[in-house]
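Residue numbers (this note's numbering): 354 to 801.
Glycine included, every Cβ here is placed at the ideal spot set by N, Cα and C.
Keep in mind the model is a prediction, meaning the values are calculated, not measured.
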Ligand SMILES: NC(=O)c1ccc[n+]([C@@H]2O[C@H](COP(=O)([O-])OP(=O)(O)OC[C@H]3O[C@@H](n4cnc5c(N)ncnc54)[C@H](OP(=O)(O)O)[C@@H]3O)[C@@H](O)[C@H]2O)c1
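Here it is, written out as structure tokens:
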């Protein structure tokens with residue numbers, strides 16, 4: 354007998370949050386309604402969930418303003434009440450989790466999804482959470498046939514797809530360095546929860562180190578040529594007009610996970626019920642993605658800007674290590690980040706005026722004989738770029754919603770189940786084209 358499908362295609366958990374309400378607004382653009390029944394969107398029904406129904410209703414009004422809110426079911430679920438999570442996650446094919454910091458709230462949501470065999474995507478940027486979920490739930494998720502994919506937001510899809518886009522331009526890449534530049538006519542501001550996640554990440558850096566040590570070594574991709582030199586702490590990248598320092602974001606760890614899975618599965622991960630055509634497409638795609646060393650830097654146009662970034666990094670790095678320091682950091686976010694993070698988050702104006710550019714500077718070899726000469730330096734440089742609107746509340750919802758639409762419409766082509774980074778799951782799909790259509794561009798800038 355056929356199982357009855359759950360009532361909702363998708364549930365957004367945490368839709369009352371700063372990011373959650375923008376995710377809801379983005380998702381509603383793709384909801385097939387009685388007024389657009391012929392739309393090709395796979396999203397026919399949606400519900401929102403969280404711990405405070407009144408706040409969820411406010412989000413819904415905000416997301417559809419000035420139009421009246423549509424009839425969207427509002428479900429109550431608190432991450433500290435596992436039975437409420439089990440119930441809500443049983444009502445849908447796919448959960449989009451916007452409740453963070455994920456280290457505090459994410460585990461029971463993943464557990465509930467895995468128990469119910471419900472697909473799960475989130476916007477986490479915390480490597481420790483992602484890697485813990487892999488350890489705890491990967492095998493169960495395979496058994497239950499559900500996907501658990503974190504980092505389906507600005508962390509870390511532009512890095513994953515941007516890396517692949519750059520590496521695919523080469524015959525033999527050696528390294529790709531990403532340079533992130535945030536731009537705005539107004540102030541660049543992030544909401545408190547992202548800052549809190551970063552502070553807690555610093556406080557628990559040791560836990561992540563221990564977790565990695567306790568696990569069997571991941572397969573390492575074979576990269577031709579020597580690793581790139583370390584370079585100075587502050588780099589002046591004249592061709593991009595930027596001063597840059599290393600950004601300790603989740604991106605490099607996420608890209609490394611994808612490359613490591615790829616080196617164990619050179620044709621990528623088979624879809625649960627994919628067609629012969631899709632098998633060909635997937636194998637062709639992965640045959641063009643080559644591993645390379647990868648790192649991410651953040652850049653600013655002025656030297657003073659880079660000193661400000663270093664000052665904030667030092668505050669968080671030093672004070673984040675002990676409890677009174679953390680209390681200070683979390684009590685006065687605006688002071689310790691020089692205004693970059695606020696308890697109330699950015700204004701709508703600040704969100705709509707911001708944008709990002711992420712440059713990928715790849716180095717590689719023009720032919721395999723040079724590459725095989727042990728320590729010969731790369732002789733080719735290819736620069737590509739990913740650009741888009743504000744990172745946290747515009748780009749992140751666009752990415753999450755497109756990943757969701759792919760999950761709903763192309764499920765047969767995606768792996769049966771497991772806990773994965775986004776690149777290995779969505780790399781061979783049409784995610785890049787979809788992002789392009791929604792304002793996130795991938796461009797080849799130069800080859801030298
Ligand atoms: N990947 C990226 O690039 C990216 C971009 C943006 C944000 N993020 C991440 O997304 C997360 C959320 O950020 P945000 O700025 O939206 O935070 P936020 O405004 O504080 O929203 C948090 C959401 O979680 C809900 N929540 C908190 N505790 C809960 C509980 N016990 N049970 C159920 N729901 C609970 C909140 O509900 P109430 O409304 O009832 O308080 C709210 O809906 C953070 O971890 C942030 O780092 C990532």
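Check the DSSP bridge columns for residue 501 and list the partner residues they point to. Taking the chain shown and counting its residues from 1, the one referred to as residue 501 is at position 148. Residue 501 is bridged to 473 and 772.
Quick one: what's got a C-beta closer than 7 Å to residue 649's C-beta in the same chain, skipping five residues either side? Numbered from 1 along the chain shown, position 296 holds the residue referred to as residue 649. 512, 531, 533, 600, 602, 604 and 605, listed in sequence order.
Tell me whether the beta-carbon of residue 370 lies closer than 7 Å to the beta-carbon of residue 451. Taking the chain shown and counting its residues from 1, one reaches residue 370 at position 17. Taking the chain shown and counting its residues from 1, one reaches residue 451 at position 98. A contact, by the Cβ cut-off of 7 Å.
Does the distance from the C-beta atom of residue 721 to that of residue 732 stay below 7 Å? Numbered from its first residue, the chain shown carries residue 721 at position 368. Numbered from its first residue, the chain shown carries residue 732 at position 379. Taking C-beta atoms as the reference points, residue 721 and residue 732 fail to come closer than 7 Å.
Are the segment 421-428 and the segment 394-401 touching by the rule of at least three beta carbon pairs closer than 8 Å? yes
Mind listing, in chain order, the continuous alpha helix (DSSP H) runs of no fewer than 4 residues lying wholly within the segment 517-572? 545-556 and 558-567
Let me check one thing: in DSSP terms, what residues is residue 716 bridge-paired to? Start at 1 with the first residue of the chain shown, and residue 716 comes out as number 363. Assignment of beta-bridge partners to residue 716 by DSSP yields 528 and 734.
Supposed contact pair residue 517 and residue 503 - C-beta distance, whole angstroms, cut 8 Å: The residue given as residue 503 occupies position 150 in the chain shown. The residue given as residue 517 occupies position 164 in the chain shown. Not quite, the Cβ-Cβ distance comes to about 18 Å (not below 8 Å), so this is no contact.
Compute every distance between the C-beta of residue 482 and the non-hydrogen atoms of ligand 1, then say whether any falls below 6 Å. As a working note, residue 482 is residue 129 in the chain shown. Residue 482 Cβ: outside cutoff for every heavy atom of ligand 1.
How long is the line joining the alpha carbons of residue 794 and residue 687, rounded to whole angstroms? The residue labelled residue 794 in the question sits at position 441 within the chain shown. The residue labelled residue 687 in the question sits at position 334 within the chain shown. One C-alpha to the other measures close to 31 Å.
Are three or more beta carbon pairs between the segment 762-775 and the segment 622-636 nearer than 8 Å? yes
Distance between residue 372 and residue 364 (C-alpha atoms, nearest Å): For the purposes of this step, residue 364 is identified with residue 11 of the chain shown, where counting begins at 1. For the purposes of this step, residue 372 is identified with residue 19 of the chain shown, where counting begins at 1. Residue 364 and residue 372: Cα-Cα distance of roughly 15 Å.
With distances taken Cα to Cα, identify the nearest neighbour of residue 640 among 796, 646, 618 and 454. Within the chain shown, residue 640 is the residue found at index 287, counting from 1. If we check each option's Cα against that of residue 640, 618 comes out closest.
Closer than 6 Å: residue 408 CB and nearest ligand 1 heavy atom: By one-based count along the chain shown, residue 408 stands at place 55. Checking every heavy atom of ligand 1 against the Cβ of residue 408, one is found closer than 6 Å.
Excluding five sequence neighbours on each side, which residues of the same chain lie with their C-beta closer than 8 Å to the C-beta of residue 694? For the purposes of this step, residue 694 is taken as residue 341 along the chain shown, with counting starting at 1. So the list reads 542, 543, 544, 545, 547, 548, 686 and 687, once near-sequence residues are dropped.
Please look up how many angstroms separate the CB atoms of residue 788 and residue 751, rounded, as I've assumed it's under 8 Å. Position 435 of the chain shown, counted from the start, is the residue given in the question as residue 788. Position 398 of the chain shown, counted from the start, is the residue given in the question as residue 751. Contact flag correct, Cβ pair sits at about 7 Å.
Measuring CB to CB, does residue 802 end up less than 7 Å from residue 593? In the structure as shown, the chain starts at 354 and stops at 801, and residue 802 therefore has no counterpart that could be examined.
For residue 653 and residue 662, what's the separation of their Cα atoms in angstroms? Here residue 653 corresponds to residue number 300 of the chain shown, with the count starting at 1. Here residue 662 corresponds to residue number 309 of the chain shown, with the count starting at 1. In a straight line, the C-alpha of residue 653 is about 9 Å away from that of residue 662.
Under a CB-based cut-off of 7 Å, is residue 466 close to chain B? Structure shown: chain B not included; a single protein chain is present.
Check whether the segment 518-528 touches the segment 478-496, counting contact only when three or more Cβ pairs, one atom from each stretch, lie closer than 8 Å. no
Residues in its own chain within less than 8 Å of residue 564 by CB, not counting five upstream and five downstream? Residue numbering aside, residue 564 sits at position 211 when the chain shown is read from its first letter. So the list reads 481, 484, 485 and 488, once near-sequence residues are dropped.
Report all residues from its chain with a CB closer than 6 Å to the CB of residue 714; omit the five preceding and five following residues, and keep chain order. The residue given as residue 714 occupies position 361 in the chain shown. Within the same chain, Cβ atoms closer than 6 Å to the Cβ of residue 714 are found at 530 and 736, the five residues on either side in sequence being excluded.
Could you check whether the Cβ of residue 708 sits closer than 6 Å to any heavy atom belonging to ligand 1? Residue numbering aside, residue 708 sits at position 355 when the chain shown is read from its first letter. Between ligand 1 and the CB of residue 708, the shortest heavy atom gap is not smaller than 6 Å.
When burial is assigned at 16 or more other CB atoms within 10 Å of the CB, is residue 383 buried or exposed? Sequence index remark: in the chain shown, residue 383 carries index 30 (1-based). By the 10 Å Cβ count, residue 383 comes out buried.
Are the CB atoms of residue 505 and residue 471 within a distance shorter than 7 Å? For the purposes of this step, residue 471 is taken as residue 118 along the chain shown, with counting starting at 1. For the purposes of this step, residue 505 is taken as residue 152 along the chain shown, with counting starting at 1. For residue 471 and residue 505, no; Cβs fall outside 7 Å.
Skipping 5 residues on each side, what residues in its chain have a beta carbon closer than 6 Å to that of residue 461? Counted from its first residue, the chain shown places residue 461 at position 108. If we look at residue 461 and ignore the five residues flanking it on each side, its Cβ neighbours are 432, 435 and 438.
Selected residue, minimal CA-CA separation from residue 717, among 356, 644 and 697: As a working mapping, residue 717 is identified with position 364 in the chain shown. Nearest option by C-alpha distance: 644.
Counting along the chain, where does the beta strand (DSSP E) carrying residue 415 start and finish? By 1-based counting over the chain shown, the position of residue 415 is 62. Here residue 415 belongs to no beta strand (DSSP E); instead the alpha helix (DSSP H) covers 406-417.
Consider the C-beta atom of residue 547 and the heavy atoms of ligand 1; say whether any pair is separated by less than 6 Å. Within the chain shown, the letter at position 194 stands for residue 547. Flag set: Cβ of residue 547 near ligand 1.
Where the beta strand (DSSP E) containing residue 796 begins and where it ends: The count along the chain shown starts at 1 and reaches residue 796 at position 443. Here the beta strand (DSSP E) through residue 796 covers 794-800.
What's the gap between the Cα of residue 796 and the Cα of residue 514? Residue mapping note: residue 796 aligns to position 443 of the chain shown, counting from 1. Residue mapping note: residue 514 aligns to position 161 of the chain shown, counting from 1. For residue 796 and residue 514, the distance between alpha carbons rounds to 12 Å.
Give the secondary structure of residue 362 by DSSP, where H, G and I count as helix, E and B as strand, and everything else as coil. What you label residue 362 is simply residue 9 of the chain shown in a count that begins at 1. Strand at residue 362.
In this structure, does DSSP put residue 759 in helix, strand or coil? Counting from one through the chain shown, the residue named residue 759 turns up at place 406. Helix, per DSSP.
Figure out for me which residue from 469, 357, 475 and 696 has the closest Cα to the Cα of residue 458. To locate residue 458, count along the chain shown from 1; it is residue 105. Residue 475 is the option with its Cα nearest to residue 458.
Run the CB neighbour count on residue 755, radius 10 Å, all protein chains shown included, and call it buried at 16 or more, exposed below. Position 402 of the chain shown, counting from 1, holds the residue named residue 755. Counting Cβ neighbours within 10 Å, residue 755 comes out buried, since at least 16 surround it.
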